[in-house]
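Counting in full-length UniProt numbering, the sequence shown runs from 1 upward without gaps.
Cβ coordinates follow ideal geometry from the N, Cα and C atoms, glycine included.
Only a predicted model underlies this, so the values are computations on that prediction, with no experimental measurement involved.
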Amino acid sequence: MVEQLKAALVAFFGQDPAQQHVANLWLNNFSPTPEAWGAALALVEPGSGATLEQAFFAANMLATKTRNEWGRLSQQQRAELTEAYLAKLRGLVLAPGAGPAAAAAAPPQLVDRLSLLAASAAALGGAGPAAAYLGLAHEAAVAGKAALGAGAPGSAEQAGGEALLRLSLLMLQQLAEEADELDRPRRQSLVVGDPAAGGAGGLAAQRAGVVGLVREVLGSCGGAGAGAGASGGGADAHGAAGPPLRLGLLAAAVRCGGAWVRLDDSGAAGCGMSPGELEAVSPGLLPALLGLLALRPPGSSSGSAPHSQQHTPSPTPGGTPHAPGSASGSGPGQQQQQQLAALQQAVGDLAADLLGPGGRTAAAAAGGEAADVAAAAAAVRALVALVAQLGPAAAAEAAAAAARGLGTGLDPPPGVGALTVAVRVAGAVAERNAGELATGGPAAAGGPGGCELAVQLAQAVLAALGACPAHLPLAETACDYFLALNCTPTAARHPALGGGAPGGLWSALLGPLLGAVAYPPGFSGWEEETEVDEEAFHRFREQQAADLLESMYGQCRAGLAAALVEGATASSSGVNGGGANGAAAGGGGDAAWRRVEAALFCLRAIHLPVKAAALGGRAGELDTPAAASQSAELQALLGRLFTDVCSPSGRVYGLLPHPWLCQAACRLIADYAAWFGKAPDAPLQPALALLLQALSVRPAAAAAAQAFRNLCVRGADRLTADPATLPALAAAAMSAVAPPPAPGLNGGVAAAVALEPEQRAAVVEGLARLAASLPAAQGAEAGRALMAPCVARAQSIATAAAAASGGRLSPAALSALAAELGLMSAVVRFLEFPQFAQAAAGGGEAAAAAAAEAHPALQVLQVAWPVLAAVASEPQCAADPGVAEALCELYKRSLLCAKQAGRLLLPPLLGSLGGLLAARPHAAAFEVLAAAVELYGDCGGPGHAPEAAARLACALEGCGGVMAAAMAAHGAAQAARLQHDDEAAANAAAANALAAFPASSSPGELAAAFLALADRCLLFGRPLLLRAACLPGCVEWACGVLTGMREREPAAAALSFLTHLLSAATRATQEAAQAAAGGGGGGQPDMAPELRARLDALLLSAGPRLTCSLLVAGTDTCPRTLLRPLAGALHGLMQLAAAGAGAEGGGGGGDSQLRAALPGWLREAWSAHKPLADLVSGGRVGEGGRHALRFTQLLLAAGAYPPGVVGPSAAAASSAAAPPKPLPRGRLDCLVADFCGLARGEASEDVMVAYDM
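Pasting the structure below:
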């Protein structure tokens, strides 16, 4: 098998795709077999002749088999495998007589993989194999240290010693990580050891030795005293008298130490050691580890940026510096940068785990909480000193990168990366001890002056943010730190950490935060930006930075707003980004607009508290002198700000040509729209003029349109106070969103604006809201003025495009026409004027006609009706999905807006809908008809046109015809799909079958819309549906949807329709029974006798199909989220049967025919209907279908059937026990969900146990 495996791997790694596919199939089949163990072991043998790729693949195969099949191996096989793994590893690096140079020559990728393989087996094997594994790691460490000490610098012996020592650390790290991944009993046994022997043999007993090895490596590889001596860079800190700096070994040592610090016997805590316990084991180790962040590669200086200008990704955190390909294509300097980044990451992980919220408290023997407090305080002191040391160098590195046109996001310079890690550790400390850091409590104290240590740490984090504000990871962790501090009430904080006095912590935070939220230097668009991720940037601004700004406002109040307004409007602002990097966004000629944009963003982030303080959200909020004074101050600040933004002489206005600043200004105006509407001196009209100009700026267009709508809504009272204001504003706005069509043949299409339809609609909606706030006559006039440009453009588009193309409308013309129809909907949408609907509802036909004539919405619609009628009658327009949907939306909005006043609009509208359905059916046409039914019922009452009821019934029948064709096409497509095994051929056959029914909507969309229409008819116009010829088809189609479609929307509509239909039949049956018994209340019956008779006959004939469909849907086709509505339909069927008990004229002892037949339908479904019978015969619903039987019995019990029909439960079948009692409705829902989950294979038989009791 070895040769076969090797041959398969040769083909797999070859260049022939066909051979690769065959080899992949063979390997997938071979790897689970027992023969794979020996074959793979043979390939990792040093003398096997296998290539590195083949040996690495074999090692991966062994690793997978070890984890997946360990439980199926005998004890002897496990021991043999572990020995074999260790022997292979020893043969690679510690072969007898080979010397340390053999370790350096061994392929590091294969060595690392074999080490992981051996670690996995050792952890799974328990204490004995783990001890053997630790013994090999100890041998490698001893041999490595000896070779490092004896070999000459740069010799093969020293390289081998470094490789052996690195392997030893990696083995220890991997064993701890593998042990941490074990299940709880195995982990406890391996980590704790034998409690009777004091933990002997457990990994926890080895922790002190591992920590000692880590400390020894730090001293021998240039890491000892790094925090004290590295300020001058690598060359100064590690001269000829000191040990050489080996960054790869240092990173391996820290990762190893972190894995053993995190190793915990329970798996519940974040760490297996506390800061105090680590200090007891190795005094001063944690500050020394933090000091490693100050290390620099030899030859670099703290003020330079030694990293390459060509960005290369940093190694994966936790990876080894000898990972495959890590050093290929890069020089020693680049490799050192990667190793340094890995070292910094490892230090951050270890320190954050120890000091963060996942850390543990020291045991009493190690000094308890007091020892942890002292150790944490020492670490905080080291952090404070480290930030003071790293800050200037990091700022210089960031400035140097910016001067070369680079950022720090992809490949941060060493100083920036180290500073980020330091702030991350500070954030972990704050997350665990937020209250004590804010108050200067025990966690911040470590002796005299401990309270000041908390202040120093906060100032250090502030200084770090000021040094590199544009580095997003650092800014995120710094924001988290200050947000953690702000969880403590201000009154309980240290004086230096609370309050917003000038010069205080929170006031000083503004400058660096402005730099953090500013756009990157040289920013022109996200398509060109490569340093900063767009999603990460906006997430930071809108979440962390916005939260921090609200916290800052809580401390600084109006002082923060004043500083931001000053920073935005003053030509020379004292508010900047802080630090050596320059102003808010760093240096560069574009700093001005970025600084202003950052200030505007900050003002937008605090708009809620600022508006509340300026305007007073509730009555009485401004009654106190302090609140009134603050309100006046904020009102003045906002007035100054927006005057500067909206006035041509303002500083911000002068910078608005930059698109991203323009976008920020528009968003700011949108969020302060309430202030514009209430403040008497707010520049409302200048702001609207500015927004109309901003519509032409592509990045700002969406924000400008939304802001325009907000201002119109909030400032309606001010804008409609002067009769001349709205016409002028509407003329200016409509010229931007709906300019007059240009003359010429193609003018209509060529005059299309660059705005998106949603943006144009937002502007028009704002104007329409203004028109709706006017008196009726003025509102109608304003609405007609808004509608006229849209009508002219629609007419021009249709005429010009048709003439240009010889009568054929182009796709561009149809799309433009749909957009204009959408604008018309926006005009009509808010012109409700309820007084006209009330007048029409309270009178007859004359009152309805008068209300319709006076209603502003219908007057506006009259302007557009000739064009709408022409569009609806044009086959090309009616067949276009976009035009049809837009036209139907306009019809629906018109009806919903006019309400009862729109009854006379119904006949022509129904005629247009008939044309749309005849051209190319669209689901939106059904929605218009559903809205009409919901508003007007069956149109048989007073106030309707004489022909309205007949047209509505005809329209319903037309919809039924479309539904019949859609379901037939869907069934043909399903049948065609089943005739092909190949997926592509099946899809093609289904598409051909659907092509026979041309429609603008899919069968599922049409089914959902039609069944929703039928549902509305049941609720609001029941006689209309019960008299319709398509009523039997509605039930049949609903059943077909439940069994043939798996889409949620049509299934939900079908269940809703069936539930309401069964409910209507139940109520009619109950009323008939009361009337027959002489107990009728004398009121009007809910359903006429002839309609009830028709409904009873329909449900009796459709009952078997309906019953089977509900059961099939529950056990297979119905979406899981609709099982509760499905239970409602089943409950409705049972309630209809219960209402038929003793019904006059029924069969079975006076019961209704449906009640008598329902038990047979249910039982026949499980035996005669193939999908359900397969569930019974396959044992899916219990042996012999016993759970299906129990489910049927519980359903029949809910229908109030007598015990002789229900039958005894399965548990009581041989006794005289009573049949099951009816379940409450909530329990019935649970029964349906549980049983259907069992039938679908999603639950075990245990879910039915409770229903057998």
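Asked	Found
Nearest-angstrom beta carbon gap, L340 and P414 [assumed within contact, 8 Å]	6 Å
8 Å Cβ shell around G1147 - same chain, five flanking residues per side excluded	Summary for G1147: the model assigns pLDDT 41, below 50, so the residue's position carries little reliability, and this model does not support an answer.
Alpha helix (DSSP H) runs contained entirely in the stretch 164–215, provided each spans 4 or more residues	184–192
Spatially closest choice to P775 from E820, F833, P740, D981, by CA coordinates	F833
Span of the alpha helix (DSSP H) around S1063	1048–1076
Residue from E1047, R1046, L1095 with nearest C-alpha to H1060	L1095
CA nearest to the CA of P512, picked from A40, A598, A501	A598
Extent of the continuous alpha helix (DSSP H) run through E369	368–403
Burial state of A992, where buried means 16 or more other Cβ atoms lie within 10 Å	At residue 992 the sequence reads Asn, which differs from the Ala that was named. With fewer than 16 Cβ atoms within 10 Å of its Cβ, N992 is classed as exposed.
Distance between beta carbons of H1131 and L1228, contact taken as under 8 Å	6 Å
Unbroken alpha helix (DSSP H) run spanning S825, endpoints	811–828
Contacting residues, own chain, Cβ-Cβ under 8 Å from A1088 (five flanking each side not counted)	P1023
C-beta atoms of A426 and L472 nearer than 7 Å	no
Alpha carbon of V93 to alpha carbon of A87, nearest angstrom	10 Å
Candidates T82, L81, A163, of which the one nearest A104 by Cα	A163
A376 versus V1232: straight-line alpha-carbon distance, rounded	57 Å
Cutoff 8 Å; reference A990; Cβ partners in own chain excluding five residues on either side	A973, Q974, A976, R977
Proximity test, P96 beta-carbon vs the ligand ZN heavy atom, cut-off 6 Å	As presented, the structure is devoid of all ligands, the ligand ZN included, so that no description of it is given.
Cβ pair count under 8 Å reaching 3, the stretch 603–620 against the stretch 658–668	yes
Close beta carbons around V191, own chain, < 8 Å, minus the five adjacent residues each side	A179, G202, L203, A204, L263, D264, D265, G272
Residue from G1021, A700, E781 whose Cα sits closest to the Cα of A724	E781
Residue burial classification, G417 (beta-carbon count within 10 angstroms, cutoff 16)	buried
C-beta atoms of G1033 and G960 nearer than 7 Å	yes
As assigned by DSSP and simplified to three states, the class of P34	coil
Euclidean distance between Cα positions of P287 and N29	53 Å
Through-space distance from A1052 to L1058, alpha-carbon basis	10 Å
Member of A612, T569, L603, K611 whose CA lies at the smallest distance from the CA of A592	T569
The stretch 549–560 touching the stretch 495–512, judged by at least three CB pairs closer than 8 Å	yes
Best match in L285, A393, H944, D623 for proximity to V347 [C-alpha to C-alpha]	L285
Neighbourhood of A159 by C-beta, 6 Å cutoff - its chain only, sequence neighbours within 5 removed	A104
Close-in-space but distant-in-sequence residues of the same chain around D1234 (CB under 6 Å, 5 per side omitted)	V1247
Environment of Q75 [buried if 16+ CB atoms lie within 10 Å]	exposed
For A530, the three-state DSSP class (helix, strand or coil)	Checking the displayed sequence, the identity of residue 530 turns out to be Thr instead of Ala. T530 falls in the coil class under three-state DSSP.
Per-residue burial, Q4 [other beta carbons within 10 Å of its own, 16 or more giving buried]	exposed
S796 to A918 span [Cα, whole Å]	26 Å
Sufficient close CB pairs (3 or more, under 8 Å) joining the stretch 1114–1134 to the stretch 1168–1175	yes
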